[in-house]
Amino acid sequence: MKYLKQKAAFTLAHQMCQIQQIAFSDALQIAWRVVLTGAYNMVSFIKNNGEKTTRIISKDWAKFQAPKNSGKKMPDSLIVMVDLAKYLTNEESFIISAYQNKIILDIAIAA
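Written out as C-alpha cells, the structure is:
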C-alpha cells in the first residue's frame, strides 16, 4: 500500500507541474496532503487518440461540481470523474470521462 501511495503522490505532483509552472517540491507537498487525507483512485486508460494515460481521480465528481441540470442521459459504460491534478491547479475543465472498455487499470486507494 505504501508503494501505491508513493506512486500516486509522484504521479499527481508530476501532472500538476505539467499543467502549471510550479516547483516540483511544492507540487509534491500538495500531492502528499491529498494522498494521505482523501480517498481516490489511480486509473490508467486509453484516450480517444490511442494514447495511454494514468490519472489520479475521484469518482465522486458531484462533490467537486454540482450537476447543472438533468441534461442528456449518460451511457451506462461512461464513467465521469474528477482529474485531481487539474482540480488542484484551478483548471476550469477538471471533469473528465472514460468508457469502461478503455480502462486498463483502476486501483482504489483510501487514506
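So for the sequence shown, this note's numbering puts the first residue at 1; every next one is plus one.
For each residue, glycine too, the CB sits at the ideal point set by N, CA and C.
It should be emphasised that the depicted structure is a prediction, and the values quoted were computed from it without experimental measurement.
Exercise for the section: State the Cα-Cα distance for the pair residue 45 and residue 16, rounded to the nearest angstrom. Expected result: 19 Å
Handout entry: Sufficient close CB pairs (3 or more, under 8 Å) joining the stretch 52-59 to the stretch 77-85
Key = yes
Exercise for the section: Compute the Euclidean distance between the alpha carbons of residue 50 and residue 25, then round it to the nearest angstrom. Expected result: 31 Å
Handout entry: Delimiting residues of the alpha helix (DSSP H) encompassing residue 74
Key = Looking at the DSSP string, residue 74 is not in any alpha helix (DSSP H), and its letter there is neither H nor E.
Practice task
Identify whether residue 106 lies in helix, strand or coil by the three-state DSSP scheme.
Solution key: strand
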